[in-house]
Every structure is written in structure tokens, then in C-alpha cells.
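Peer 1: The structure's right below; bear with me while I get my questions together.
Numbering (our numbering), first residue to last: 35 to 97.
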């Protein structure tokens, strides 16, 4: 499995390629979609229980 590359500065406006959505997304958009899908239990969302979203959220929180 490929590594998720998150910007080293971890700014909310930085982008990365999301393999689940198959497009570039901003870190802030990823975190918002991940948190919304999991807190609202939106099971049909590709962001629901997404391992990449969890990693982005944890890396951003630790910065």
C-alpha cells in the first residue's frame, strides 16, 4: 500500500491526492469530511472509517 503524503507544514490549505476520492483535496476538506462522516455515521460516504482521513487528522492535530 502506498504512503499518504501530507504536507510537512500541515497547513489546512495544503493539498494531497486522495486515493479514495481519486482527486486532490485540501487537508481541511479531508478533515471536515472525515469528521462529519464518522460523527454523523454516514456509512455511504467514502470518508467513513477512512484510514487516510484518520492519519491526516492525527498528523494535523499533532502539529
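All C-beta atoms, glycine included, are put in the ideal place defined by N, C-alpha and C.
With a CB to CB cut of under 8 Å and the five nearest residues on each side skipped, what residues in its chain are close to residue 68?
Peer 2: As a first step, residue 68 is located in the chain shown; it is residue number 34 there, counting from the start. Once the five neighbours on either side are set aside, the close Cβ partners of residue 68 are 81, 84, 87, 88, 90 and 91.
Peer 1: Residue range of the beta strand (DSSP E) that residue 50 falls in?
Peer 2: Residue numbering aside, residue 50 sits at position 16 when the chain shown is read from its first letter. Residue 50 -> beta strand (DSSP E) spans 49-52.
Peer 1: Between which residues of its own chain and residue 54 is the CB-CB distance below 7 Å, once the five residues before and five after are set aside?
Peer 2: Counting from 1 along the chain shown, the entry for residue 54 is found at position 20. Cβ neighbours of residue 54 within its own chain (closer than 7 Å, five residues either side excluded): 80, 84 and 86.
Peer 1: Any idea what DSSP makes of residue 77, helix, strand or coil?
Peer 2: The residue you call residue 77 lines up with position 43 of the chain shown. Coil, per DSSP.
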